[in-house]
Amino acid sequence: MLIRRIGRRRQTGDRSMTTLAAALESLQLGHLKPGDDATGGMAPPLAEALEQTTTAIWSDLFATMMNTSLERDIEDLGWGLVNLFHRAAQKKHAVIDRLTDDIRLLIAEQDGSEINASNLEDKIEVARKIEEAATCYEQMRDVAAAHYIRETGKSWIPGAGNRISLGVTSAIIDGRAFLKARRDKVRDANTAIGTPVVFTGGRMTFRSDDDMRQFAENLHRTLNAVRERVGDMYLVHGGDMRGLDGLAASWAEQKGVQQVRFGLDRKLGDRAGFRRNDQFLNLKPRYVIAFPGNGVSERLVIDAKKAGIRIVDRRGPLGMPPSAHNAQAGRKSA
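Each step along the sequence shown adds one to the number in my numbering, with nothing skipped, and position 22 is 830.
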């Protein structure tokens, strides 16, 4: 797959190489000062160019590593490449957050003078440009994340915080409009819309590759069936990418299903898992999908039943319903 992509990219000739070189140069992330006007009059790169360039970077790098002693590092390096764009966007948003404080102060100081009005307009324009840059980095991150899941079968999730995209920034008319637009976009990006469905499961080991494939097929079949019943579902899970949460997260990303993850609050020690169960149930989910897990998962199922929440129980062998396994065992004994 990687070799085919790199072959297509090379057919575009020197212009693609120039684009790639320019993109690599632009990855120097030290130019984040709010007062930097060197690119103030320039438009952001076209979305198509960002997508092509990110694909070229990915393809060049990983086609070189395939079938070499570095191949085992592809997954870790791929995660880091996606994270590079993610961190760049985060830094831009941090700058905008500081600028919004300045804008609020300037709004409060408005006295009708041309100087104060001009200062406010300049500050808004700087914030708008930085937000455009953040959007570009988010697009590059999302393109790289799509390559990551295709190559590894795993959904890319940051080590901490959220993965959100604020979308294209519209023109800002005045300071209050900018602040409201910023607030609304961040709020909407952090809000899942629809019906919550909770997924719970632990880390698994399998006796054979066939067992592992059968388990994954049962997990995907279960999630697809629930989605058919709950068309507007968003998936709630614990974010353990080394366990079954990772499989569920990859399914959700490939299906375009929103996700909400609740990580463990390590400060709570042994109570962290039970606190997360409370957070799950406080959402009043339509279903709790339960695959094999630990005692905390078992407690979640018990508490969900007490709350009248329907359980999709797949805690039998290889992700089957326990009732199906018991029926099979009964037929064999008979």
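The beta carbon of each residue, even a glycine, is placed where N, CA and C say it ideally should be.
#### Entry: Opening and closing residue of the alpha helix (DSSP H) in which Phe1007 lies
For Phe1007, no alpha helix (DSSP H) encloses it; the enclosing beta strand (DSSP E) starts and ends at 1003-1008.
### Query
Would you call the region 1030-1044 and the region 1092-1107 touching, i.e. three or more CB-CB distances under 8 Å?
Because the criterion of three Cβ pairs below 8 Å is met, the region 1030-1044 and the region 1092-1107 touch.
### Beta-carbon proximity list for Arg1084, same chain, < 7 Å, skipping 5 on both sides
Around Arg1084: Gly1046, Phe1070, Leu1072.
### Task
Could you round the C-beta distance between Ala1057 and Ile965 to whole angstroms and report it? I think they count as a contact, below 8 Å.
Correct: roughly 6 Å between the Cβ atoms.
#### Entry: Collapsed DSSP secondary structure at Arg1122 in the structure displayed
Here Arg1122 carries a coil assignment [DSSP, helix/strand/coil].
#### Entry: Beta-bridge partners of Met1041, as assigned by DSSP
Bridge partners of Met1041: Thr1003.
### Asp1121 versus Thr999 - alpha carbon distance
Approximately 28 Å between the Cα atoms of the pair.
### Query
Is the CB-CB distance between Gly1127 and Phe1007 below 8 Å?
For Gly1127 and Phe1007, no; Cβs fall outside 8 Å.
### Alpha carbon of Ser877 to alpha carbon of Gly1103, nearest angstrom
If you take the alpha carbons of Ser877 and Gly1103, they lie about 41 Å apart.
### Query
Counting along the chain, where does the beta strand (DSSP E) carrying Gln1067 start and finish?
Looking at the DSSP string, the run of the beta strand (DSSP E) that includes Gln1067 is 1067-1069.
### Task
Verify whether the separation of the beta carbon atoms of Ala941 and Val890 is less than 8 Å.
No. Outside cutoff.
### Task
Scan the region 1058-1120 and note each continuous alpha helix (DSSP H) run of 4 residues or more that stays entirely inside, going in chain order.
Listed in chain order, they are 1080-1090, 1103-1114.
### Message
Cutting at 6 Å between CB atoms, please list the residues of its own chain near Ser963, excluding the five before and the five after it.
### Response
Contacts found: Ile957, Ala1057, Ser1058, Glu1061.
### Task
Measure from the alpha carbon of Glu1193 to the alpha carbon of each residue in Lys988, Asp881, Asp909, Asn924, then state which is nearest.
Outside the shown range of the chain (809 to 1142) lies residue 1193, about which nothing can therefore be said.
#### Entry: Distance, His955 Cα to Lys1075 Cα
Near 35 Å, if we compare the C-alpha coordinates of His955 and Lys1075.
### Task
Would you list, in sequence order, the uninterrupted beta strand (DSSP E) runs of no fewer than 3 residues that lie entirely inside the region 909-976?
The region 909-976 contains no whole beta strand (DSSP E) run of 3 or more residues.
### Query
Would you report the Cα separation of His901 and Gln1087, rounded to the nearest angstrom?
Their Cα atoms are separated by approximately 28 Å.
### Message
Quick test of your reading: Leu907 and Ala935, contact by CB under 8 Å. State the CB separation rounded to the nearest angstrom.
### Response
Yes, they are in contact, since the Cβ atoms of Leu907 and Ala935 sit about 4 Å apart, within 8 Å.
### Query
What residue from Glu933, Met873, Phe893, Arg1107 has the CA that sits closest to Arg1079's CA?
Restricting attention to Glu933, Met873, Phe893, Arg1107, the CA atom closest to the CA of Arg1079 is found in Arg1107.
### Message
If distances are taken between C-alpha atoms only, which option among Tyr945, Ile1117, Ser1105 comes closest to Ala855?
### Response
Out of Tyr945, Ile1117, Ser1105, the CA that lies nearest to the CA of Ala855 is found in Tyr945.
### Task
Kindly indicate the opening and closing residues of the alpha helix (DSSP H) around Ala864.
Boundaries of the alpha helix (DSSP H) around Ala864: 855-873.
#### Entry: Burial state of Met850 (16 or more Cβ within 10 Å)
Under a 10 Å Cβ-count criterion, Met850 is classified as exposed, with fewer than 16 other Cβ atoms of the shown protein chains found around its own Cβ.
### Query
Candidates Leu914, Ala1112, Gly1054: which alpha carbon is nearest Gly961's?
Closest by alpha carbon: Gly1054.
### Query
What's the call for Gly1064, buried or exposed, on a 16-neighbour Cβ count within 10 Å?
By the neighbour-count rule (16 or more Cβ atoms within 10 Å), Gly1064 is not buried but exposed.
### Gly1051, DSSP secondary structure in three states
Secondary structure of Gly1051 (DSSP, three-state): coil.
### Query
How many Å lie between Gly1124 and Met1012 at the Cα?
One alpha carbon belongs to Gly1124, the other to Met1012, and they sit about 13 Å apart.
### Exposed unless 16 or more other CB atoms sit within 10 angstroms - verdict on Glu939
Classification for Glu939: buried.
### Query
Buried or exposed: which applies to Ile1001, given that a residue is buried once 16 or more other Cβ atoms fall within 10 Å of its Cβ?
Classification for Ile1001: exposed.
### Task
Give me the Cβ distance between Ile932 and Ile904, rounded to the nearest whole Å; I'm assuming they're in contact under 8 Å.
Contact doesn't hold; Cβ gap of about 11 Å is too wide.
### Query
Taking just the CA atoms, how far does Gly1081 sit from Gly1051?
A straight-line Cα-Cα distance of about 15 Å links Gly1051 and Gly1081.
### Query
According to DSSP, is Pro1130 helix, strand or coil?
The answer is helix: DSSP assigns Pro1130 an H, G or I state.
### Task
Report the rounded CA-to-CA distance for Ile1117 versus Gln898, giving the unit in angstroms.
Cα to Cα, Ile1117 sits roughly 37 Å from Gln898.
### Query
So, are the CB atoms of Pro1100 and Gly1009 less than 8 Å apart?
Closer than 8 Å, so yes.
### Query
If you compare alpha carbons, which of Lys988, Asp909, Trp866 is closest to Phe893?
Per the Cα distances, Trp866.
#### Entry: For Leu914 and Asn927, believed in contact at Cβ under 8 Å, the rounded distance
At roughly 6 Å, the Cβ-Cβ gap stays under 8 Å, so Asn927 and Leu914 are in contact.
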